[in-house]
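Structure record follows, encoded as C-alpha cells.
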Amino acid sequence: MRAIEPGDDAHILDVCPELWPRVLEWLDEAAASPETVLDGSLCLRTRLLAGGLRVTPREPPTPKARSRRDRGAIDLERIRAALAADSEVRALVLEMLTAACMAMAAGVRNHAAEFVGDGRFSKDNITPQLRADMAGTPITSVMAETMFARVKRRADRGGVSRHDTRMGAVLCERDGTVAWLRN
Numbered sequence: 004m005r006a007i008e009p010g011d012d013a014h015i016l017d018v019c020p021e022l023w024p025r026v027l028e029w030l031d032e033a034a035a036s037p038e039t040v041l042d043g044s045l046c047l048r049t050r051l052l053a054g055g056l057r058v059t060p061r062e063p064p065t066p067k068a069r070s071r072r073d074r075g076a077i078d079l080e081r082i083r084a085a086l087a088a089d090s091e092v093r094a095l096v097l098e099m100l101t102a103a104c105m106a107m108a109a110g111v112r113n114h115a116a117e118f119v120g121d122g123r124f125s126k127d128n129i130t131p132q133l134r135a136d137m138a139g140t141p142i143t144s145v146m147a148e149t150m151f152a153r154v155k156r157r158a159d160r161g162g163v164s165r166h167d168t169r170m171g172a173v174l175c176e177r178d179g180t181v182a183w184l185r186n
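Structure follows, in C-alpha cells:
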C-alpha cells in the first residue's frame, strides 16, 4: 500500500504502470518457486524500489507497530525452524504458498488489467494526451477503504446492523458534521 499511495502529487501513470507489473511478476515467480518466498530471497521491496516506488511509511512506525514487526520477525524464525525440522509439513507449506501466490496473481491480473501487459494504461501505451486525461485521478481508493474499515469497526463495537446508518454516522464524523447532526 505504501508503494501505491506515494503522495498527493503523484500521477497515476507514474505509479500504477510501474507497480502492478512488478507485483504480478513477483507473484508469478513466488508461485513458481515458493522456496524463495520461504527463505526471503525473493524480495518485492527491491523490485518496487527499482521502479522508483516508495516502500517506506510517510510517518515513522508507532511503538505498537514496531512491537508487532518484532513479534512477526520472531514468529518467522520459529516457522522456518519448524519447517526445517519437518519435511512433510514443509512440503505442505510450499504447496499452500504456491496456491496462494497463484490466486493472488490471478487477482492482480483481474484488478490491474489496464496497467499490465497490453492494457490501456500500460507503460507502452502512455501518451501525453493520456497523461493529461488522467491528471487528478486518484491512485487508489484508500480513502474509501478507510471509510469501510471505520464502518466495520463501528458495527463491531456498537452492534449497529443497518449499513446505511453506520455509514452515515462515520461519514458525518469524517467531514465534521457530527456536531450539527447531534443538534
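Note that my numbering has the sequence shown beginning at 4, numbered continuously upward.
The beta carbon of each residue, even a glycine, is placed where N, CA and C say it ideally should be.
Given the structure is predicted, the values throughout are model-derived calculations rather than measurements.
Contacts around residue i, its chain only, beta-carbon distance under 6 angstroms, and the 5 residues preceding and following it disregarded
i: C188; result: With the chain covering 4 to 186 only, the question about residue 188 has no answer from this structure.
i: L100; result: P37 and V40
i: R134; result: L16
i: T140; result: I15
Short Cβ contact (8 angstroms threshold) for residue i with residue j
i: P37; j: L95; result: no
i: C104; j: A53; result: no
i: I129; j: L51; result: no
i: L79; j: L56; result: no
i: R74; j: V58; result: no
Environment of residue i [buried if 16+ CB atoms lie within 10 Å]
i: E91; result: exposed
i: S125; result: buried
Close Cβ partners of residue i (< 8 angstroms) along its chain, the five nearest in sequence each way excluded
i: A116; result: G122
i: P64; result: R72
i: L45; result: W29, E32, A33, S36 and T39
i: A138; result: H14
i: A87; result: R93
CB contact check: residue i to chain B, cutoff 8 angstroms
i: L45; result: The chain labelled as chain B is not found in the depicted structure, where only one protein chain is given.
Using 8 angstroms as the cut-off, can you tell me whether the stretch 101-110 makes contact with the stretch 25-33, which would need three or more C-beta pairs spanning the two stretches below that distance?
By the Cβ rule, the stretch 101-110 counts as touching the stretch 25-33, because three or more pairs are nearer than 8 angstroms.
Quick check on the DSSP output: what are the complete beta strand (DSSP E) runs of length 3 or more inside the stretch 44-113, in order along the chain?
Within the stretch 44-113, no complete beta strand (DSSP E) run reaches 3 residues.
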